[in-house]
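Structure, as structure tokens:
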Amino acid sequence: MHRTSFRLVPVGLAAAAVLALAGCAGSIDTSGAERVDGTIPAADLALAAEGVVLEQGFTVDIDCGTGTVPFEVGAAVECTGVEESSGATGGYTVTITEIEGSDYRIEVVGSEAEPTEPTEPSEPTESALESASAFADLTAQAITDSLGEVPLVNCGEQDIEIFVGQEVRCAYETSAGSGFVIATVTEFDGSSYAIEVVEE
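Have a look at this one:
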């Protein structure tokens, strides 16, 4: 039996993306937007705001509504945003800070993000996804000494959910032959895990 451990990317990292924008601001130059009676469509400001947030490193779908905003310095609109990778939501204030002819500059300030669903008290369940190839590499490390060489290990194609008690059947191949092993997750603290590997 073999035992080894491997560190995962912290669980919940993607969900923190919108939170990281709280209180931050950015600006972007835009031009060519349609003007009607000294106003600008809120949807145009939403698109510009998405560009600002993207420059901060986050992909967020921002909605400022279907109305119009006065095309003047200081005009602001309240918007909502959904971070695409995590589904976390947050509020944004988009403010026109400078106008030069048809060009304008905006400032985007994000508010505290909120989870997509209300959080209810429950027993914590720690799990995370690991790629099959990374799990196979870890399994190979665990059985290399007993086999006398680094084996080629295949644990399938689908991502593997990591939680204590998870068992994964993997195939291995060496110059001397082939076989199967069972890799069992014995420890998981949310950021790293340990496995035990036994030959089938």
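For reference, each letter of the sequence shown is one residue, going -22 to -1, 1 to 178 in mature numbering (1 follows the signal peptide of the UniProt record, and there is no 0).
Positions of the beta carbon are idealized from the N, C-alpha and C atoms, including for glycine.
- With fewer than 16 other beta carbons inside 10 angstroms of its own, A154 counts as exposed.
- Residue pairing for V30: DSSP places it in no beta bridge.
- By the criterion of a C-beta distance shorter than 7 Å, G45 is surrounded in its chain by A20, once the five residues flanking it on both sides are discounted.
- According to the DSSP assignment, F158 belongs to the beta strand (DSSP E) that extends over G155 to F166.
- In the displayed model, A66 falls within coil according to three-state DSSP, outside both helix and strand.
- When DSSP states are grouped into helix, strand and coil, D41 belongs to the strand group.
- Just measuring C-alpha positions, the residue of F166, A112, V142 and D123 sitting nearest G134 is A112.
- According to the DSSP assignment, D81 belongs to the beta strand (DSSP E) that extends over D81 to G88.
- If you look at A172, you'll find it in the beta strand (DSSP E) that goes S170 to E177.
- Between I40 and A27, the CB-CB gap stays under 8 Å.
- Assignment of A53 by DSSP, reduced to helix, strand and coil, places it in the coil class.
- In chain order, T152 place their CB closer than 7 Å to the CB of L125, counting only its own chain and leaving out the 5 sequence neighbours on each side.
- Exclusion of the five residues before and after L130 leaves Y150 and E151 as the residues of its chain whose Cβ lies within less than 7 Å of its Cβ.
- Per DSSP, the beta bridge partners of E61 are V38.
- Of the candidates F158, E61, I173 and V72, I173 places its Cα closest to the Cα of L116.
- Closest option to D81, judged by alpha-carbon separation, among S156, V31 and V51: V51.
- If you ignore the 5 residues before and after E145, its C-beta comes within less than 6 Å of the C-beta of I160 and T162, all in its own chain and listed in chain order.
- In this structure, the CA atom of V38 is about 10 Å from the CA atom of V30.
- Straight across, the Cα-Cα distance linking E78 with E62 is about 33 Å.
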